[in-house]
């Protein structure tokens, strides 16, 4: 797994109009992801860059993982290769969840196979190789949503946030699916917010990690038609732990 800015696993959207779920916080004029993920049910995507990167997400951005939040609890599923934001068009909450569960299992099997091939090519220790070979698939576990906020120079606003919302995955030869480990060592850093964007007939809010090239990634979720922008959670938000 890729480690970026500390340790981060490499590798949403409000529901469609026909869905019965969706965070009420996603309908505000200016939205905050901590509030969205702590109020109601919501699907958020962690996405990477596309080949024609414009510093703004579009339908071609690849999905890293699906983050299902339910009143402050999250369950995260890894996507399979080549799945893009456009592939979620017209899908309901249940459709997305069903697809996410399927893709997460496929990703596990592919990652396990790749890891075995790598270890064999490296003539790795037999014990480590056997441990990987004996791994069995397990469904991701629900865990508490954890967000760290870091104050800017004034102490009144946030300069960056750590979202501990990565999926299960390999770190070296170890497959990480323990919720305590995931909520202590693996995260995405977000540094900036922006105006909402339209993709097909949906309005999306997103946060940006501020990196360049292949390291750039976003958290993105569908919001209300009248939502205008996203914001980082403030240092005094009850949904974050704040650091200087």
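Residue numbers (mature numbering (1 follows the signal peptide of the UniProt record, and there is no 0)): -22 to -1, 1 to 222. Glycine included, C-beta positions come from ideal geometry on N, C-alpha and C.
State the start and end residues of the unbroken alpha helix (DSSP H) segment that holds residue i.
i, result
"residue 110", "104 to 111"
"residue 157", "157 to 163"
"residue 82", "71 to 99"
Can you tell me the Cα-Cα spacing of residue i and residue j, whole angstroms?
i, j, result
"residue 207", "residue 175", "9 Å"
"residue 76", "residue 55", "11 Å"
"residue 24", "residue 197", "5 Å"
"residue 156", "residue 90", "17 Å"
"residue 153", "residue 80", "18 Å"
"residue 131", "residue 66", "39 Å"
"residue 135", "residue 4", "21 Å"
"residue 34", "residue 120", "30 Å"
"residue 219", "residue 113", "35 Å"
"residue 96", "residue 105", "14 Å"
"residue 6", "residue 123", "21 Å"
"residue 146", "residue 87", "12 Å"
"residue 28", "residue 190", "12 Å"
"residue 194", "residue 142", "17 Å"
"residue 150", "residue 203", "43 Å"
"residue 192", "residue 168", "15 Å"
"residue 57", "residue 42", "6 Å"
"residue 60", "residue 2", "31 Å"
"residue 36", "residue 177", "7 Å"
Here's a check: name, in chain order, each residue in its chain whose Cβ is nearer than 8 Å to the Cβ of residue i, leaving out the five neighbours to either side.
i, result
"residue 49", "16, 17, 18, 19"
"residue 94", "107, 110, 111"
Does the distance from the C-beta atom of residue i to that of residue j stay below 8 Å?
i, j, result
"residue 144", "residue 166", "yes"
"residue 39", "residue 10", "no"
"residue 186", "residue 139", "no"
"residue 129", "residue 222", "yes"
"residue 215", "residue 12", "yes"
"residue 209", "residue 181", "no"
For residue i, which residues of its own chain have a beta-carbon under 7 Å away from its beta-carbon, when the five flanking residues on both sides are left out?
i, result
"residue 46", "21, 52, 53, 75"
"residue -5", "Low per-residue confidence applies at residue -5: pLDDT is 32, beneath 50, and the placement is therefore not dependable enough to give any value."
According to DSSP, simplified to helix, strand and coil, what is residue i?
i, result
"residue 12", "helix"
"residue -13", "Unreliable placement is indicated for residue -13, whose pLDDT of 42 sits below 50; the coordinate value is still reported in the next sentence. Coil."
"residue -6", "With a pLDDT of 35 at residue -6, under the threshold of 50, the modelled position of this residue cannot be trusted, and the question is left open."
"residue 197", "strand"
"residue 65", "helix"
"residue -21", "Because the pLDDT at residue -21 is just 40, under 50, the model does not fix this residue reliably, and the point stays unresolved."
List the endpoints of the continuous beta strand (DSSP E) containing residue i.
i, result
"residue 56", "51 to 56"
"residue 246", "Outside the shown range of the chain (-22 to 222) lies residue 246, about which nothing can therefore be said."
"residue 129", "125 to 129"
Flag residue i as yes if its beta-carbon sits less than 8 Å from any beta-carbon of chain C, otherwise no.
i, result
"residue 182", "Among the chains in the structure shown there is no chain C, since it carries only a single protein chain."
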